[in-house]
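**Q** Numbered according to my numbering, the sequence shown spans residues 53 to 197. Please read through the structure below; I'll follow up with questions.
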Amino acid sequence: MGTEEILKTFPYTEIRKFHQDWYRPDLQALIIVGDIDPKAIEEKVKVLFSDMTMPKKVLPRKEYKVDLLNKNQFLTISDPELPYTVAQILIKNEKDKVVTVGDYRNELLKNIFNQMIAGRFSELMQQPNPPLCKLVVVLVILLRI
53 MGTEEILKTF PYTEIRKFHQ DWYRPDLQAL IIVGDIDPKA IEEKVKVLFS
103 DMTMPKKVLP RKEYKVDLLN KNQFLTISDP ELPYTVAQIL IKNEKDKVVT
153 VGDYRNELLK NIFNQMIAGR FSELMQQPNP PLCKLVVVLV ILLRI
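Put into structure tokens, the structure is as follows:
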């Protein structure tokens, strides 16, 4: 968000402009969860949000892309205040388009798989002498999937 000095001294007009530019109906969503009466909630939402309008001048929303370099990259960062070691392996791929129910199912399966593997690694790392060799073998196998 910024340094303390910036937060204490930025012009009020800046935050108003940011709000006007980016807090608009086409960039918002409303999710209601609970044991509710759908018709009553729909009416309440209409009452509360019916005055929202699109600004006359809409800033375009920029899409950012992370380039795939087709090469291995390594980064090591050390922080003396972090009391444990963290290792991450990130594999960049083109984003799959989710169009069909089957596409959505595949995305769910990938997410479940990743959560299961992360849970297993977490269990292994809680052992007094974690079997790092097994961990490396599993990682190599995963990288081939």
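Glycine residues also receive a C-beta, built at the ideal position from the N, C-alpha and C atoms. Values in this document were obtained by computation on a predicted structure and should not be read as measured data.
#1: Would you mind listing the alpha helix (DSSP H) stretches within the segment 80-150 that are 4+ residues and don't spill past its ends, in chain order?
#2: Are P107 and Q72 touching if we call contact CB-CB under 8 Å?
#3: Between G171, L79, L160, which has its C-alpha nearest V110's C-alpha?
#4: What did DSSP end up calling Q72 once you bin it into helix, strand or coil?
#5: CA-CA distance, L120 and K147?
#6: Rounded to the nearest angstrom, what separates K117 and L160 at their Cα positions?
#7: Helix or strand or just coil, what does DSSP make of Q167?
#8: Give the range of the alpha helix (DSSP H) segment to which T61 is assigned.
#9: Can you list, in chain order, the residues of its chain with a C-beta nearer than 8 Å to that of Y64? Leave out the 5 residues immediately preceding and following it.
#10: My assumption, with CB atoms under 8 Å, is that D155 sits in contact with K162. Please give the rounded CB distance.
#11: Flag this pair as yes or no: are the beta carbons of I83 and I93 separated by less than 8 Å?
#12: Less than 8 Å between the C-beta atoms of M104 and P77, yes or no?
#13: 8 Å is my cut-off, CB to CB: does G54 come that close to chain B?
**A** Concretely, from the data shown:
#1: 90-101
#2: yes
#3: L79
#4: helix
#5: 11 Å
#6: 23 Å
#7: helix
#8: 56-61
#9: none
#10: Not really, about 11 Å apart at Cβ, beyond 8 Å.
#11: no
#12: yes
#13: Here there is only one protein chain, and chain B is not present.
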